[in-house]
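In the numbering used here, the protein residues as written are 108 to 414.
To start, the structure itself, in structure tokens.
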Ligand SMILES: [Zn+2]
């Protein structure tokens, strides 16, 4: 089974336009393309029904994807989108309900919202959402006690928490997103599965250290797609990661749809399921059980999937 642990829905109703403006600006700079050309591509990322991701999953052979609702509404920038956080979470829950065997929704909440834990409890209980996404770039630290009622709620419902770690595009502030802040949380909630998105991004070593000093911390590979421009770099980095932490703690992810224009889902999946022979020639070996675990077995355990 192939499970993508890190995906999103997207459009300007659920993520404020200012974020998309930043995405276009930085994307144009990175890709060395005209601003307007990159902006014209934006609608290719927009879908809130779940139809587009399921179509792309079919093409890529992905069995299930975890949809992560994002709450950046209280961030200084980009601020509240058109829809309320209740409406945004509803959109995610509706998509998972529409495709019950393909999509799994995590509730997104800023813990500083009024009655945040109560609200997230409702999403888990009434809409069957299967986890919680915290995006601390909105302006809080994961080890701030304001987050603790959210972690308690996750424990109560037996669901994992996924936190963004690492850098983030303009206009978000990412100093809140260092894995080290999660270490204290992992110690305080040893029974809570915690996933560090992007394996810490620019704070990779911190993410590895936090994972290695707690038994309940997992790492996702979303955002690693640019390494595929130079495949040996991806495989060397993956081998190094698997030599640094248990393979049972590493989860396949894509951060769909943000990177689909760069590397589509099909190509990203194949990078793991069809590792070229030339890689072995460079003495980089992967065991079948490592790849199977990364691609879905580990996520199935974290999500408590029985089939
Ligand atoms: Zn993401």
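Where a beta carbon is used, it is the ideal one built from N, C-alpha and C, also for glycine.
query = Regarding residue 172 and ligand 1, is the C-beta to nearest heavy atom distance less than 7 Å?
reply = Your numbering for residue 172 matches position 65 in the chain shown. No; taking the cut-off as 7 Å, the Cβ of residue 172 has no heavy atom of ligand 1 nearer than that.
key: Bridge-paired residues (DSSP) for residue 303   = By one-based count along the chain shown, residue 303 stands at place 196. Note: residue 303 is bridge-paired with 270 and 326 in the DSSP secondary-structure output.
request  = Drop a sphere of 10 angstroms on the beta-carbon of residue 389, count the other beta-carbons inside from all chains shown, and report buried for 16 or more, exposed for fewer.
outcome  = Locating residue 389 in the chain shown gives position 282, counting from the first residue. Exposed is the call here.
query = Where do the N-terminal and C-terminal ends of the beta strand (DSSP E) with residue 203 fall, by residue?
reply = Within the chain shown, residue 203 is the residue found at index 96, counting from 1. In the DSSP assignment, residue 203 falls outside any beta strand (DSSP E) and within the unbroken alpha helix (DSSP H) covering 192-205.
task = Take residue 203 and list the residues in its own chain whose beta-carbon comes closer than 7 Å to its own, dropping the five residues that flank it on each side.
result = Walking along the chain shown from the start, residue 203 turns up at place 96. The answer, listed in chain order, is 174, 210, 211 and 212.
inquiry  = Taking DSSP's pairing of strands, which residues face residue 117 in a bridge?
reply    = Numbered from 1 along the chain shown, position 10 holds the residue referred to as residue 117. According to DSSP, which records beta bridges pairwise, residue 117 is partnered with 154.
ask   = Excluding sequence positions up to five away, which residues of its chain have a Cβ less than 8 Å from the Cβ of residue 168?
value = As a first step, residue 168 is located in the chain shown; it is residue number 61 there, counting from the start. Closer than 8 Å at the Cβ level, and outside the excluded window around residue 168, lie 109, 373, 376 and 380.
inquiry  = Considering just the uninterrupted stretch of the alpha helix (DSSP H) at residue 398, what are its terminal residues?
reply    = By one-based count along the chain shown, residue 398 stands at place 291. Here the alpha helix (DSSP H) through residue 398 covers 395-399.
message = So for residue 172, helix, strand or coil by DSSP?
response = Reading the chain shown from its first residue, position 65 is the one you call residue 172. Correct three-state label for residue 172: strand.
task = Select from 155, 270, 261 and 235 the residue whose C-alpha is nearest the C-alpha of residue 245.
result = Your numbering for residue 245 matches position 138 in the chain shown. Residue 245 has its Cα closest to that of 270, out of 155, 270, 261 and 235.
request  = Note down, in chain order, each residue of its chain lying with its Cβ closer than 8 Å to the Cβ of residue 144, except the 5 sequence neighbours on either side.
outcome  = To locate residue 144, count along the chain shown from 1; it is residue 37. Taken in chain order, the residues that qualify are 135.
query = Is residue 367 helix, strand or coil by DSSP?
reply = Along the chain shown, read from residue 1 onward, the residue named residue 367 stands at position 260. In the structure shown, residue 367 sits in coil (DSSP, three-state: anything other than H, G, I, E or B).
Close-in-space but distant-in-sequence residues of the same chain around residue 289 (CB under 8 Å, 5 per side omitted) = Mapped onto the chain shown, residue 289 falls at position 182. Result list for residue 289: 249, 250, 270, 272, 301, 303, 317 and 324, in chain order.
ask   = For the region 396-409 against the region 141-159, are there 3 or more C-beta pairs whose distance is under 8 Å?
value = No contact exists between the region 396-409 and the region 141-159.
Reduced DSSP secondary structure (H/G/I, E/B, other) of residue 362 = On the chain shown, residue 362 is found 255 positions in, with the first residue counted as 1. DSSP places residue 362 in coil when its eight states are reduced to three.
key: Which of helix, strand or coil DSSP assigns to residue 227   = As a position in the chain shown, residue 227 is number 120, starting the count at 1. Residue 227: helix per DSSP, three-state reduction.
inquiry  = Quick check: is any heavy atom of ligand 1 less than 7 Å from the C-beta of residue 241?
reply    = On the chain shown, residue 241 is found 134 positions in, with the first residue counted as 1. The answer is no for residue 241.
task = Return yes when at least one heavy atom of ligand 1 lies under 7 Å from the C-beta of residue 178, else no.
result = Taking the first residue of the chain shown as position 1, residue 178 is located at position 71. In this structure, residue 178 has its CB at a distance of at least 7 Å from all heavy atoms of ligand 1.
request  = Measuring from each Cβ to the nearest heavy atom of ligand 1, keep the ones under 7 Å and list them in chain order.
outcome  = Residue selection by CB proximity (closer than 7 Å to any heavy atom of ligand 1) returns 113, 115, 175, 271, 304, 329, 362 and 365 in chain order.
task = Tell me whether the beta-carbon of residue 262 lies closer than 8 Å to the beta-carbon of residue 298.
result = Sequence index remark: in the chain shown, residue 262 carries index 155 (1-based). Sequence index remark: in the chain shown, residue 298 carries index 191 (1-based). Yes, Cβ-Cβ distance for residue 262 and residue 298 is below 8 Å.
query = Going by Cα to Cα distance, which pick from 305, 404 and 223 is closest to residue 193?
reply = The residue given as residue 193 occupies position 86 in the chain shown. For residue 193, the nearest C-alpha among the options comes from 223.
key: Three-state secondary structure (DSSP) of residue 308   = Reading the chain shown from its first residue, position 201 is the one you call residue 308. Helix, per DSSP.
Helix, strand or coil at residue 160 [DSSP, three-state] = In the chain shown, residue 160 corresponds to position 53, counting from 1. Here residue 160 sits in helix by DSSP.
request  = Report all residues from its chain with a CB closer than 8 Å to the CB of residue 334; omit the five preceding and five following residues, and keep chain order.
outcome  = Here residue 334 refers to the residue found at position 227 of the chain shown. The answer, listed in chain order, is 340, 341 and 344.
request  = Measure the C-alpha to C-alpha separation of residue 413 and residue 241 and round it to an integer number of angstroms.
outcome  = Position 306 of the chain shown, counted from the first residue, corresponds to residue 413. Position 134 of the chain shown, counted from the first residue, corresponds to residue 241. Taking the straight line from one Cα to the other gives about 25 Å.
ask   = Where do the N-terminal and C-terminal ends of the beta strand (DSSP E) with residue 241 fall, by residue?
value = Taking the chain shown and counting its residues from 1, the one referred to as residue 241 is at position 134. Here the beta strand (DSSP E) through residue 241 covers 239-241.
ask   = What are the residues that DSSP puts in a beta bridge with residue 357?
value = Looking up residue 357 in the chain shown gives position 250. In DSSP, residue 357 forms a bridge with 326.
message = Among the candidates 395, 362, 130 and 291, whose CA atom is the shortest distance from the CA of residue 349?
response = Looking up residue 349 in the chain shown gives position 242. Ranking the options by Cα distance to residue 349, first place goes to 395.
ask   = Whose CA, out of 351, 336, 337 and 229, lies closest to the CA of residue 326?
value = On the chain shown, position 219 is the one that residue 326 refers to. Nearest C-alpha to residue 326: 351.
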